[in-house]
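In terms of my numbering, the sequence shown opens at residue 26 and continues consecutively.
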Amino acid sequence: MADAEHLVALVTGAARGIGRACALRLAEANCALVLTDIGHDAPGVPYSLGSESQLEHTRQLCLDAGADAELLLGDVRSEADVEAMMKLALHRFGRLDVVVNCAGIVGPSGKGVDQVSEQDWATMLDINLTGPFRILSAAARIMKPQGSGSIVNIASTAGLVGYRHFAGYVASKHGLVGLTKAAALDLAPHGIRVNAVCPGSVHDSAELEGRMLREVANALDLDGDTEQLFLRDQPSNALVDAADIAETVAWLASGRSRSVVGAIITVDGGFTSR
Ligand SMILES: NC(=O)c1ccc[n+]([C@@H]2O[C@H](COP(=O)([O-])OP(=O)(O)OC[C@H]3O[C@@H](n4cnc5c(N)ncnc54)[C@H](O)[C@@H]3O)[C@@H](O)[C@H]2O)c1
C-alpha cells in the first residue's frame, strides 16, 4: 500500500479486536500510529473492556511490524481525552491523516425496547455515536488546514438493519451511518473523506482478544457454540475475519480510494443481502 506510507493514523478501541487488527494493518502499510483505548472497565457496560496491557500489546505488535506507534489511554466520552489524542498526534508526528473510529460497545443490550432504561440508552449513544462525533470533529479541525484526510467510522450491519433486543446498539450504529454521510458532505470540499465500514458478525480471534460476538450471545442468553449460532445466518457460511475489516480500512485510508466519499461499505459475508 505504497500510497499510505508515512501517513499518521489514529485508531480508537485499539486495545483488542477489530481496532487491533486495523492498527496492525496500518502498521504494515507504514503508517505512524496513535493508538488509544479506554483501558479499563466502565460503569454501566456489563462486560470487561480493553485493558492498558492489551493496548501496550497492540503497540508492541505495531513496533514489531516496523511502525512508529504511540499509545494514550482515553475515553471517547471525554472531550479533554479526545483533545489529548489530537495533541499527541500533532506533537509527536506533526499531522493527522487517518482516523479509525473503532471504539464501541455492544451492551447494555438484550432487552425489549420498552425495558431499556434512559441510563443504558445514554451509555450506548455516548460511546457509540457521540464518541465518534467528538473524534471526527476534533480531527476535522486538524485536517482542514492540511487540505486532506480520511476518516473511517466502524459502524455495523446494525447500522443498516434492525436486531431484536438491541435497540440502543442499532440506533447508535444507524446514527453513525447518518453522521458519516452528513460529515462526508461537510468535509469533502476540504479534501477530507469520511466513510463507514459495516462489519457483520466477526469471529472473536484469540490472537486479537476480541470478545464482541461472545457478548452479543451473553446479552441474548444464548448457550452453546456461539460461532455456530451466528453462522446459521451467514449466506457465505463463514463469519467475518477482523483482518477483512482491516483490509477495507487500509484501502479507505489510502489514496487508492480517493473517489470514495460518504460510502457505507458492508463487509458481512452477504448477511444484509438476504
Ligand atoms: N465484533 C463484531 O462482530 C462487530 C460487528 C459489527 C461491528 N462491530 C464494531 O466494531 C468495533 C470494534 O468491535 P470489537 O469486536 O473489536 O469489540 P471489542 O469489545 O473487542 O473492542 C472494542 C474496544 O473499544 C474500547 N472502548 C469501549 N468503550 C470505549 C470508550 N468509551 N473509550 C475508548 N475506548 C472504548 C474497548 O475497551 C475495546 O478495546 C465496535 O464499534 C463494534 O460495534 C463489531
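Think of the CB as a built atom: it goes at the ideal place given N, C-alpha and C, for glycine as much as any other residue.
Close Cβ partners of R50 (< 6 Å) along its chain, the five nearest in sequence each way excluded
Within the sequence shown, the letter at position 25 stands for residue 50. The residues are A271 and A275.
Relative to the C-alpha of L161, which candidate in A67, T148, S142 and V124 has its C-alpha closest?
Numbered from its first residue, the sequence shown carries residue 161 at position 136. Residue V124 is the option with its Cα nearest to L161.
In three-state terms, what does DSSP make of P71?
By one-based count along the sequence shown, residue 71 stands at place 46. In the structure shown, P71 sits in coil (DSSP, three-state: anything other than H, G, I, E or B).
Are the beta-carbon atoms belonging to P224 and V265 less than 8 Å from one another?
If you number the sequence shown from 1, residue 224 lands on position 199. If you number the sequence shown from 1, residue 265 lands on position 240. It is a contact, given that the beta carbons lie within the stated cut-off.
What alpha helix (DSSP H) runs, 4 residues minimum, are completely inside the stretch 222-284?
Here the runs fully enclosed are 237-244, 251-256 and 267-278.
Residue from A34, A278, H228 and M237 with nearest C-alpha to L256
In the sequence shown, the residue the question calls residue 256 occupies position 231. Ranked by Cα distance from L256, the first of A34, A278, H228 and M237 is H228.
So, at 6 Å on beta carbons, what are the nonlocal neighbours of G235 in its own chain, with the 5 sequence-adjacent residues on each side left out?
What you label residue 235 is simply residue 210 of the sequence shown in a count that begins at 1. So the qualifying residues of the chain are R41, G42 and D229.
At a cut of 8 Å, does the stretch 148-166 reach the stretch 174-185 through at least three beta carbon pairs?
Touching, per the Cβ criterion.
Nearest-angstrom Cα separation, counted from D106 out to L98
On the sequence shown, position 73 is the one that residue 98 refers to. On the sequence shown, position 81 is the one that residue 106 refers to. So the two alpha carbons sit approximately 8 Å from each other.
Could you tell me how far apart the beta carbons of V292 and V241 are, in whole angstroms, since I believe they sit closer than 8 Å?
Start at 1 with the first residue of the sequence shown, and residue 292 comes out as number 267. Start at 1 with the first residue of the sequence shown, and residue 241 comes out as number 216. Actually they are not in contact, since the Cβ atoms of V292 and V241 sit about 17 Å apart, beyond 8 Å.
On a Cα-Cα basis, can you pick out the residue from H199, L201 and N220 that is closest to A209?
As a first step, residue 209 must be located in the sequence shown, where it is residue number 184. When C-alpha distances from A209 are compared across H199, L201 and N220, the shortest belongs to N220.
Assuming A57 is part of the beta strand (DSSP E), what are its boundary residues?
Start at 1 with the first residue of the sequence shown, and residue 57 comes out as number 32. Looking at the DSSP string, the run of the beta strand (DSSP E) that includes A57 is A57 to D62.
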